[in-house]
Structure formats: C-alpha cells, structure tokens
Amino acid sequence: MNIKKIVVCGFGTAMVFLLTVFIVVPMPAMGYVNFGDSGILLFASIVNPLAAAFIGGVGSAMADIYLGYSQYALFTLIIKGLEGLFVAYLFHKLPYKYRFLSFGVGILVMIGGYYITDVILLSDFIAVLPAVQGNLIQGSVSLVLAAVAQVTFQKVASKHPALFKL
Numbered sequence: 566m567n568i569k570k571i572v573v574c575g576f577g578t579a580m581v582f583l584l585t586v587f588i589v590v591p592m593p594a595m596g597y598v599n600f601g602d603s604g605i606l607l608f609a610s611i612v613n614p615l616a617a618a619f620i621g622g623v624g625s626a627m628a629d630i631y632l633g634y635s636q637y638a639l640f641t642l643i644i645k646g647l648e649g650l651f652v653a654y655l656f657h658k659l660p661y662k663y664r665f666l667s668f669g670v671g672i673l674v675m676i677g678g679y680y681i682t683d684v685i686l687l688s689d690f691i692a693v694l695p696a697v698q699g700n701l702i703q704g705s706v707s708l709v710l711a712a713v714a715q716v717t718f719q720k721v722a723s724k725h726p727a728l729f730k731l
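Start counting at 1 in the sequence shown, then tack on 565, and there's your number in my numbering.
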C-alpha cells in the first residue's frame, strides 16, 4: 500500500467519523440518525473493498464510542465494514449504468445489520421496528448525498486524472 492510499484511507475514516458525529439527529430510545453512510458510500466508490471496509467500520465504530453508544461499537464495526466492502466490490464490478445500485445494497446491509443488532441487544423483534424507519431515512438521505458527491467527484477527477489516481 503506497502513501497516497494510506492517506486516502485515513482521510476517509476521519470523514466518516466527522459526518457521523457532527451531523446527528437523536432518535427516541433507538440511537441517532447521521450522514456517515454518505461518506462510506462515497469512499467505497473510490477505494478498493478492503479499504472501504476499514473506512466504514473504523470511522463509524469510533463515532459510536465518542457519542456514548459503545454497546453498538463492535456491531457497527462489522455492519459498516460490510457495507463498505459490498458497495466497493459491486461498484467496481457492475456495468457503469448500474453502479449506483451498489449504494442501495450497502444501505440494505446497514438496515438489516442494525435490525439484527437491535434484536440481539433488546431481545425483541417488534420493539426494534421503529429503528428500521430511522435507518431507512438515514440510508435514503445518505444514498442521495453520496450519489451527488460521487458524480461531482467523477467530473473533477476526469479533468485532473493524475491528482486522483490511486
């Protein structure tokens, strides 16, 4: 791994952390809604799957610890890591016109992962359903933000390819 890739990975992790920590909408009794997923989706479209897993998992887990949701940190590391991994893999494998479907897959991984997590932590399949709604809102907004950012990034990168070559 070269220095440029390490820097991008560190920057991505920091951005996911910041987007998760500083743009927070608390949800009654079920955590919070944030824009960290938009950072995961964007960076997953730029880096390889393992780097995307690191960026998503570590950035989001650090945010959980910082915000006082440490009971979720290990689950978040796995869920957001898988989100980044799947999105990056699919984004780079799918034909160009279908790439953004990978963002939807990532959001479904996040929603399903947190549903399972909440069932494990609360031992109730029904009581955790309101959290699914919050995660769906969070994921939908993040998907749109990431898609707009990714298109913008591609336009800039196409004009300055040497600057963005990883």
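Yeah, the Cβ is synthetic: ideal placement off N, Cα and C, and Gly gets one too.
Whole-angstrom distance between VAL713 and CYS574, CA atom to CA atom: Numbered from 1 along the sequence shown, position 9 holds the residue referred to as residue 574. Numbered from 1 along the sequence shown, position 148 holds the residue referred to as residue 713. Their backbone Cα atoms lie some 21 Å apart in a straight line.
- prompt: Grouping DSSP H, G and I as helix and E and B as strand, with all else coil, what is PRO660?
  reply: The count along the sequence shown starts at 1 and reaches residue 660 at position 95. Of the three classes helix, strand and coil, the one that applies to PRO660 here is coil, per DSSP.
query: Which residue from ILE588, VAL586, LEU607 and ILE568 puts its Cα closest to that of THR717?
result: The residue given as residue 717 occupies position 152 in the sequence shown. The shortest Cα separation from THR717 among ILE588, VAL586, LEU607 and ILE568 belongs to LEU607.
task: Could you say which of GLY649, PRO695, ALA628 and PHE619 lies nearest to PRO593 if we only look at CA atoms?
output: On the sequence shown, residue 593 is found 28 positions in, with the first residue counted as 1. When each option's Cα is compared against that of PRO593, the closest is PRO695.
query: Near VAL612, which residues of its chain fall below 8 Å by C-beta distance, leaving aside the five closest residues on each side in sequence?
result: Within the sequence shown, the letter at position 47 stands for residue 612. Answer for VAL612: LYS570, VAL573, CYS574, GLY577, ILE620, ALA653 and LEU731, listed in chain order.
task: With DSSP as the reference, label PRO593 as helix, strand or coil.
output: As a working mapping, residue 593 is identified with position 28 in the sequence shown. Three-state result, PRO593: coil.
task: Select from LEU650, SER707, SER625 and LEU687 the residue whose C-alpha is nearest the C-alpha of PHE600.
output: In the sequence shown, the residue the question calls residue 600 occupies position 35. Out of LEU650, SER707, SER625 and LEU687, SER707 has the C-alpha closest to the C-alpha of PHE600.
task: With a threshold of 16 other CB atoms inside 10 Å of the CB of GLY633, please say whether the residue is buried or exposed.
output: Residue 633 sits at position 68 when you count from the first residue of the sequence shown. Exposed is the call here.
task: Output the boundary residues of the alpha helix (DSSP H) element that contains LEU666.
output: Here residue 666 refers to the residue found at position 101 of the sequence shown. First-last of the alpha helix (DSSP H) with LEU666: 666-687.
task: Out of LEU655, LEU710 and GLY649, point me to the one whose CA is closest to SER625's CA.
output: Counting from 1 along the sequence shown, the entry for residue 625 is found at position 60. The residue among LEU655, LEU710 and GLY649 with its C-alpha nearest the C-alpha of SER625 is GLY649.
query: Excluding the five sequence neighbours on either side, which residues of its own chain have a C-beta within less than 8 Å of the C-beta of ILE643, listed in chain order?
result: For the purposes of this step, residue 643 is identified with residue 78 of the sequence shown, where counting begins at 1. Around ILE643, the same chain offers GLY622 and GLY678 as residues with beta carbons nearer than 8 Å, after the five sequence neighbours per side are excluded.
- request: Consult DSSP for ASN599 and reduce its assignment to one of helix, strand or coil.
  value: By one-based count along the sequence shown, residue 599 stands at place 34. Here ASN599 sits in strand by DSSP.
field: Contact set for LEU687: own chain, Cβ-Cβ below 8 Å, skip 5 residues either direction
entry: Here residue 687 corresponds to residue number 122 of the sequence shown, with the count starting at 1. Around LEU687: VAL693.
- prompt: In its own chain, which residues sit with a C-beta less than 6 Å from the C-beta of ASP629, not counting the 5 before and 5 after it?
  reply: As a working note, residue 629 is residue 64 in the sequence shown. Only TYR637, ALA638 and THR641 meet the Cβ criterion.
field: Cβ-Cβ separation, VAL590 to VAL598 (assumed contact under 8 Å), whole Å
entry: For the purposes of this step, residue 598 is taken as residue 33 along the sequence shown, with counting starting at 1. For the purposes of this step, residue 590 is taken as residue 25 along the sequence shown, with counting starting at 1. Rounded, the Cβ-Cβ distance is 4 Å, consistent with contact.
query: If we ignore side chains and look at the alpha-carbon of each, how far apart do TYR680 and SER667 end up?
result: For the purposes of this step, residue 680 is identified with residue 115 of the sequence shown, where counting begins at 1. For the purposes of this step, residue 667 is identified with residue 102 of the sequence shown, where counting begins at 1. About 20 Å.
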